[in-house]
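The numbering used here numbers the first residue of the sequence shown as 1381 and each following residue consecutively.
Built from N, CA and C at the ideal position, the CB exists for glycine as well.
Since the structure comes first, as structure tokens, the remarks are kept for the end.
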Amino acid sequence: MEARVKAGIWVSMALRLADIAGRSGAVLRKGDPDSGGILCVLRGREGLVVLSQVRDAEGRPAWLRGSGAQPVDQAAADAYVERQVKRDPDLWVVEFEAPDLVPPFEGRML
């Protein structure tokens, strides 16, 4: 079984990687520092993409485009985030400037 990184530590790492890459990042909502899930909002030239942290069938960490395959507008992204926070109040929401809609961290996409 793979060890899990605490959510607060992961968020700090992702923000640091964004900073190193010359992209801004910000915590929009703090969740549970130990076991909270994470939503990443990528703000690009074509719109926004919301990535949702998930686990695959083998329990490995991965990311899912929760807002859909295509970029969405601010209202659609906000609505998706709001629905997810209602379901899980421990969620973190982190936003990154990502003109190319590529996150500043490595992760497997499902």
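Nearest to residue i (by Cα), restricted to the options the options
| i | options | result |
| --- | --- | --- |
| R1494 | V1407, G1417, L1444 | Nothing can be reported for residue 1494: it is not among the residues displayed for the chain, which extend from 1381 to 1490. |
| D1412 | R1463, I1400, L1471, A1456 | L1471 |
| W1390 | V1474, P1479, L1422 | V1474 |
Residue i to residue j span [Cα, whole Å]
| i | j | result |
| --- | --- | --- |
| V1452 | V1461 | 12 Å |
| V1407 | G1424 | 17 Å |
| E1438 | V1385 | 17 Å |
| M1489 | W1443 | 5 Å |
| A1401 | E1477 | 10 Å |
| L1422 | D1480 | 9 Å |
| A1459 | E1486 | 26 Å |
| S1415 | E1426 | 32 Å |
Sub-8 Å separation of residue i and residue j beta-carbons
| i | j | result |
| --- | --- | --- |
| G1405 | P1469 | no |
| V1482 | R1409 | no |
| C1420 | L1431 | yes |
| S1447 | A1456 | yes |
Cross-strand partners of residue i (DSSP beta bridge)
| i | result |
| --- | --- |
| M1489 | W1443 |
For this session: Return the chain-ordered ranges of every beta strand (DSSP E) run that is complete within the region 1397-1478 and spans a minimum of 3 residues.
Result: Those beta strand (DSSP E) runs which fall completely within the region 1397-1478 and span 3+ residues are 1405-1409, 1418-1424, 1427-1435, 1441-1445, 1472-1477.
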